[in-house]
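This report concerns only the one structure given below.
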């Protein structure tokens, strides 16, 4: 690898670190955008088969070019700015929801050593930047100067702030057992343990001892990305499309892309925290990015599965689930893990 | 000027601009957004001082939660700017001495012996595996454990007080117990009636 890069390094000279970082960013974001595009296709196909329909099958073989066609359509459409809108913030809102959704990927490890920025407090960075995504939605609702959009953004602000707490506490027990905030270290820690030594690595991952936290984290993640059954923010039947109602063309597409990028992010984080990231489930198979991709695909499938299965929650039920069920549960579980780690039966030494 | 100094001046310029705009912006929503920007750049400045945990916490707590609620409230208010500006000149005679006093205090502290640039030099660079979070935790839970516990108790009292102040039970609220809703059996809601088909 170094031998291949050597001539480029000489060519760019002192600018090389900046150029190389840019190349790495493109190497992360280009596949991510492709994954987002085909996640929309997968969603339509999976839900269609669950409904015993065919789904998109007109554009290209098996409808495989459908996301490309959708992308071109959205890019060519006119961006309409309502006359009563706050123009600067109206344009700024979709950018503000897209930028954090992309910036968080800097700290995500894809395989051992495959990480753009190996931040010591990587998990905190991901949570902090991820929590900024809500601004795009709130500002969109306010700047649109529309009642439906405003209602949507109110709902989203309350929902995202509530579920962030449950999510943070859910991850706290992972931090406790791995004694680190670095995402790579969290994965490496899951590769050690009694079962991992016996060649059954998948039983050493965090999902087994922290199963309730994995469920809380993933359900909070679904609420955080505002997907069904927690999609009251869009709530087509009540407030049409919430904060996105006044947006058209590419500005709408940015919200859409951000939502799907966040879905992939939550799935990736769940895989890293609870399913051992890039680690192979059994001893005789090599570790690698392939396993992480498989785990992400599993969580994404669960996302779509949930959407095709459950009806939408009522708003007060969402708040009850977040504050009265998840927050107490995670608080108690933090205590349980703390006592467990201090007891002689501590399995994370 | 090396790169780090450039970053410092760049972030400071943004921070000052945003801070000034917080008090000069006409629209309160814009003011809140400028406050968010100034918090974010302040986080960047803290990163330059090797305080990565505090910097990320600033973003996570203030931008991720506190300012969201701020924005939430400000967006719903219908603020009349004319009435806000009415008392500007009469209040200036109180506000100006307070502002001057604060600037003087800041100047005294910042130029003093204990807080000057010589007294608090830039922290020495740490090795790559140095964990800022771990060091902070070690200090908080050993040297400063009593002040820390005291602060947490005060916060707990504040939380309970806030809940107690805003909790009011309205008599006309409709409330259904979710556990009762879930425990409902079919027979409690549907009555099957068997009746013969009617023929004409």
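Chains as they are written, first to last, in my numbering: chain L, 1 to 349; chain Y, 1 to 200.
Don't be surprised by glycine CBs; every beta carbon is placed ideally from N, CA and C.
To the nearest whole angstrom, what separates the beta carbons of residue i and residue j, a pair I think is in contact under 8 Å?
{"i": "residue 71 (chain Y)", "j": "residue 138 (chain L)", "result": "6 Å"}
{"i": "residue 36 (chain L)", "j": "residue 257 (chain L)", "result": "6 Å"}
{"i": "residue 16 (chain L)", "j": "residue 289 (chain L)", "result": "Contact flag wrong, Cβ pair sits at about 25 Å."}
{"i": "residue 309 (chain L)", "j": "residue 216 (chain L)", "result": "No, residue 309 (chain L) and residue 216 (chain L) are not in contact; Cβ-Cβ is about 19 Å, not under 8 Å."}
{"i": "residue 133 (chain Y)", "j": "residue 112 (chain L)", "result": "So it is not a contact: roughly 22 Å between Cβ atoms."}
{"i": "residue 173 (chain L)", "j": "residue 348 (chain L)", "result": "Rounded, the Cβ-Cβ distance is 11 Å, inconsistent with contact."}
{"i": "residue 306 (chain L)", "j": "residue 271 (chain L)", "result": "Going by Cβ atoms, the distance from residue 306 (chain L) to residue 271 (chain L) rounds to 17 Å, so no, they are not a contact pair."}
{"i": "residue 140 (chain L)", "j": "residue 243 (chain L)", "result": "4 Å"}
{"i": "residue 25 (chain L)", "j": "residue 116 (chain L)", "result": "7 Å"}
{"i": "residue 69 (chain L)", "j": "residue 59 (chain L)", "result": "5 Å"}
Is DSSP giving residue i helix, strand or coil here?
{"i": "residue 100 (chain L)", "result": "helix"}
{"i": "residue 95 (chain L)", "result": "helix"}
{"i": "residue 185 (chain Y)", "result": "coil"}
{"i": "residue 289 (chain L)", "result": "helix"}
{"i": "residue 119 (chain L)", "result": "coil"}
{"i": "residue 50 (chain Y)", "result": "coil"}
{"i": "residue 198 (chain L)", "result": "coil"}
{"i": "residue 218 (chain L)", "result": "helix"}
{"i": "residue 126 (chain Y)", "result": "coil"}
{"i": "residue 235 (chain L)", "result": "coil"}
{"i": "residue 144 (chain Y)", "result": "coil"}
{"i": "residue 51 (chain L)", "result": "coil"}
{"i": "residue 225 (chain L)", "result": "coil"}
{"i": "residue 202 (chain Y)", "result": "Since the first residue shown for chain Y is 1 and the last is 200, residue 202 (chain Y) is missing from the structure and cannot be characterised."}
{"i": "residue 198 (chain Y)", "result": "coil"}
{"i": "residue 72 (chain L)", "result": "helix"}
{"i": "residue 27 (chain Y)", "result": "coil"}
{"i": "residue 203 (chain Y)", "result": "A query on residue 203 (chain Y) cannot be resolved here, the shown segment of chain Y reaching from 1 to 200 and no further."}
{"i": "residue 353 (chain L)", "result": "Residue 353 (chain L) falls outside the range modelled here, since chain L spans only 1 to 349, and no answer is possible."}
{"i": "residue 162 (chain L)", "result": "helix"}
Please compile the residues from chain L whose C-beta is within a distance smaller than 8 Å of the C-beta of residue i.
{"i": "residue 52 (chain Y)", "result": "119, 120, 121"}
{"i": "residue 72 (chain Y)", "result": "138, 154, 157, 158"}
I want to verify the contact list: residues of chain Y whose CB lies under 8 Å from the CB of residue i, in sequence order.
{"i": "residue 164 (chain L)", "result": "64, 65"}
{"i": "residue 320 (chain L)", "result": "178"}
May I have the straight-line CA-CA distance separating residue i from residue j, to the nearest angstrom?
{"i": "residue 12 (chain Y)", "j": "residue 104 (chain Y)", "result": "21 Å"}
{"i": "residue 302 (chain L)", "j": "residue 87 (chain Y)", "result": "59 Å"}
{"i": "residue 262 (chain L)", "j": "residue 153 (chain Y)", "result": "36 Å"}
{"i": "residue 9 (chain L)", "j": "residue 3 (chain Y)", "result": "20 Å"}
{"i": "residue 88 (chain L)", "j": "residue 259 (chain L)", "result": "22 Å"}
{"i": "residue 163 (chain Y)", "j": "residue 157 (chain Y)", "result": "10 Å"}
{"i": "residue 58 (chain Y)", "j": "residue 346 (chain L)", "result": "33 Å"}
{"i": "residue 83 (chain Y)", "j": "residue 142 (chain L)", "result": "23 Å"}
{"i": "residue 36 (chain Y)", "j": "residue 67 (chain Y)", "result": "7 Å"}
{"i": "residue 365 (chain L)", "j": "residue 218 (chain L)", "result": "Summary: the structure shown does not reach residue 365 (chain L), with chain L confined to residues 1 through 349, and so no result is reported for it."}
{"i": "residue 321 (chain L)", "j": "residue 227 (chain L)", "result": "15 Å"}
{"i": "residue 168 (chain L)", "j": "residue 304 (chain L)", "result": "24 Å"}
{"i": "residue 351 (chain L)", "j": "residue 318 (chain L)", "result": "The structure shown has nothing for residue 351 (chain L), since chain L only spans 1 to 349."}
{"i": "residue 20 (chain Y)", "j": "residue 42 (chain Y)", "result": "14 Å"}
{"i": "residue 137 (chain Y)", "j": "residue 344 (chain L)", "result": "24 Å"}
{"i": "residue 29 (chain L)", "j": "residue 45 (chain L)", "result": "24 Å"}
{"i": "residue 233 (chain L)", "j": "residue 95 (chain Y)", "result": "43 Å"}
{"i": "residue 249 (chain L)", "j": "residue 161 (chain Y)", "result": "48 Å"}
{"i": "residue 185 (chain Y)", "j": "residue 177 (chain Y)", "result": "15 Å"}
{"i": "residue 90 (chain L)", "j": "residue 33 (chain L)", "result": "23 Å"}
{"i": "residue 131 (chain Y)", "j": "residue 239 (chain L)", "result": "47 Å"}
{"i": "residue 313 (chain L)", "j": "residue 235 (chain L)", "result": "10 Å"}
{"i": "residue 315 (chain L)", "j": "residue 69 (chain Y)", "result": "18 Å"}
{"i": "residue 199 (chain L)", "j": "residue 287 (chain L)", "result": "12 Å"}
{"i": "residue 194 (chain L)", "j": "residue 118 (chain L)", "result": "28 Å"}
{"i": "residue 140 (chain Y)", "j": "residue 53 (chain Y)", "result": "13 Å"}
{"i": "residue 51 (chain L)", "j": "residue 214 (chain L)", "result": "28 Å"}
{"i": "residue 40 (chain L)", "j": "residue 32 (chain Y)", "result": "35 Å"}
List the residues of chain Y whose Cβ lies closer than 7 Å to the Cβ of residue i, in chain order.
{"i": "residue 280 (chain L)", "result": "Chain Y residues near residue 280 (chain L): none, gap ~26 Å exceeds 7 Å."}
{"i": "residue 181 (chain L)", "result": "133"}
{"i": "residue 134 (chain L)", "result": "68"}
In chain L, which residues lie less than 7 Å from residue i when you measure between Cβ atoms?
{"i": "residue 60 (chain Y)", "result": "124, 127, 128, 131"}
{"i": "residue 139 (chain Y)", "result": "Per Cβ cutoff of 7 Å: no residues; residue 139 (chain Y) is ~16 Å from chain L at best."}
{"i": "residue 56 (chain Y)", "result": "121, 124, 125, 128"}
Interface residues of chain Y around residue i at Cβ under 9 Å?
{"i": "residue 142 (chain L)", "result": "29, 71, 75"}
{"i": "residue 161 (chain L)", "result": "64, 65, 68, 69, 72"}
{"i": "residue 44 (chain L)", "result": "None at all; the shortest Cβ gap to chain Y is about 32 Å."}
Open item on the list: Any contact between the stretch 126 to 135 of chain L and the stretch 104 to 113 of chain L? By contact I mean 3 or more CB pairs, one from each, below 8 Å.
Closed with: The stretch 126 to 135 of chain L is in contact with the stretch 104 to 113 of chain L.
- [ ] Decide yes or no for the touch test of the stretch 272 to 286 of chain L against the stretch 172 to 187 of chain L: beta carbon pairs closer than 8 Å, at least 3 of them.
- [x] Inter-segment contact for the stretch 272 to 286 of chain L and the stretch 172 to 187 of chain L is present: three or more beta-carbon pairs are separated by less than 8 Å.
Task: contact_flag[the stretch 146 to 165 of chain L, the stretch 220 to 237 of chain L] where n(CB pairs < 8 Å) is 3 or more - done: Flag = yes, the stretch 146 to 165 of chain L and the stretch 220 to 237 of chain L touch.
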